[in-house]
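Step one of this worksheet: look at the structure below.
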Amino acid sequence: MLKISNNVTLAEWEIDISAIRAQGAGGQNVNKVSSAIHLRFDINRSTLPDFYKARLLALKDSRVTKEGVIVLKAQSFRTQEQNKEDALERLKTLILEATKVEKTRRATKPTKSSQKKRLNQKTKRGQTKSLRGSVNW
């Protein structure tokens, strides 16, 4: 069971985990041992609340397929157990990030005094540059 938040948990049957061979260099042992983890999570079939499902399906992420399946591959570690923990943690992070509600941005305007101050500073900088340029050595 994977605990997402206080109210939301995922059962083991919802997450499909399979061991695959890791890619890359690793010597002779890499050809015999399946230490990488391939995790698949079907959003539509899951017991997640509708709010979570809608936010996950709306994600513009390459890890979410058109059918609504999250696919993660974990192969950072040498052991299958560590890769499994890593994949589950990444799934949890992805779900939590998708459900964060960002604050709406309100357009603001600079104050009159800050505009005046900025223009005065620009004028000063322009005057010092013109003074440096007129000195003949």
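Reading the sequence shown from the start, the letters are residues 946 to 1082 in this note's numbering.
All C-beta atoms in this analysis are idealised placements derived from N, C-alpha and C, irrespective of residue type, glycine included.
Please read all numbers here as calculations on a predicted model, not as lab measurements.
Check: Just how far apart, CA to CA, sit K1029 and D995?
Finding: Taking the first residue of the sequence shown as 1, we reach residue 1029 at position 84. Taking the first residue of the sequence shown as 1, we reach residue 995 at position 50. Each residue's alpha carbon lies about 27 Å from the other.
Item checked: Best match in R966, K1005, L947 for proximity to A1043 [C-alpha to C-alpha] -> The residue given as residue 1043 occupies position 98 in the sequence shown. Among R966, K1005, L947, the Cα nearest to that of A1043 is on K1005.
Check: beta strand (DSSP E) containing K1029: first to last residue?
Finding: One-based indexing of the sequence shown puts residue 1029 at position 84. K1029 -> not in any beta strand (DSSP E); alpha helix (DSSP H) instead, spanning 1025 to 1044.
Item checked: Rounded straight-line distance, which links the Cα of R1035 to that of G1071 -> As a working note, residue 1071 is residue 126 in the sequence shown. As a working note, residue 1035 is residue 90 in the sequence shown. If you draw a straight line from the Cα of G1071 to the Cα of R1035, it is about 52 Å long.
Checklist line | Cβ-based neighbour list, D1018, same chain, cut-off 6 Å, excluding 5 preceding and 5 following | finding: The count along the sequence shown starts at 1 and reaches residue 1018 at position 73. With the sequence shown as reference, residue 1018 is identified as Lys, and Asp is not the correct amino acid for it. Result list for K1018: H983, in chain order.
Check: Taking buried to mean at least 16 other C-beta atoms within 10 Å of its own C-beta, is V1009 buried or exposed?
Finding: Taking the first residue of the sequence shown as 1, we reach residue 1009 at position 64. Burial state of V1009 is buried, judged by a 10 Å Cβ sphere holding 16 or more other Cβ atoms.
Notebook entry, point to check: Any idea if A981 is buried or exposed, counting beta-carbon neighbours within 10 angstroms, 16 or more meaning buried?
Noted result: Taking the sequence shown and counting its residues from 1, the one referred to as residue 981 is at position 36. It counts as buried.
Margin query: Which residue marks the beginning of the beta strand (DSSP E) containing R985, and which one marks its end?
Written below: Residue 985 sits at position 40 when you count from the first residue of the sequence shown. For R985, the enclosing beta strand (DSSP E) stretches over residues 981 to 987.
Margin query: So A964 and T992 are supposed to be a Cβ contact under 8 Å. How far apart are they, rounded?
Written below: Taking the sequence shown and counting its residues from 1, one reaches residue 964 at position 19. Taking the sequence shown and counting its residues from 1, one reaches residue 992 at position 47. A964 to T992, Cβ: 25 Å. No contact.
Next item on the list: Just grab the DSSP bridge partners of L947 for me.
Entry: What you label residue 947 is simply residue 2 of the sequence shown in a count that begins at 1. Beta-bridge pairing links L947 to L955.
Margin query: For a quick check, are the C-beta atoms of V953 and I988 less than 8 Å apart?
Written below: Walking along the sequence shown from the start, residue 953 turns up at place 8. Walking along the sequence shown from the start, residue 988 turns up at place 43. The answer is no: Cβ separation not under 8 Å.
Note to self: Assuming contact is defined by CB atoms lying nearer than 8 Å, are L1033 and I949 in contact in what I supplied?
What the structure shows: Against the sequence shown, residue 1033 aligns to sequence position 88. Against the sequence shown, residue 949 aligns to sequence position 4. In this structure, I949 does not lie closer than 8 Å to L1033 by Cβ.
Checklist line | Cβ neighbour criterion (16 or more within 10 Å) applied to A967 | finding: Along the sequence shown, read from residue 1 onward, the residue named residue 967 stands at position 22. It counts as buried.
Margin query: Assuming contact is defined by CB atoms lying nearer than 8 Å, are D961 and R985 in contact in what I supplied?
Written below: Taking the sequence shown and counting its residues from 1, one reaches residue 961 at position 16. Taking the sequence shown and counting its residues from 1, one reaches residue 985 at position 40. Contact: yes.
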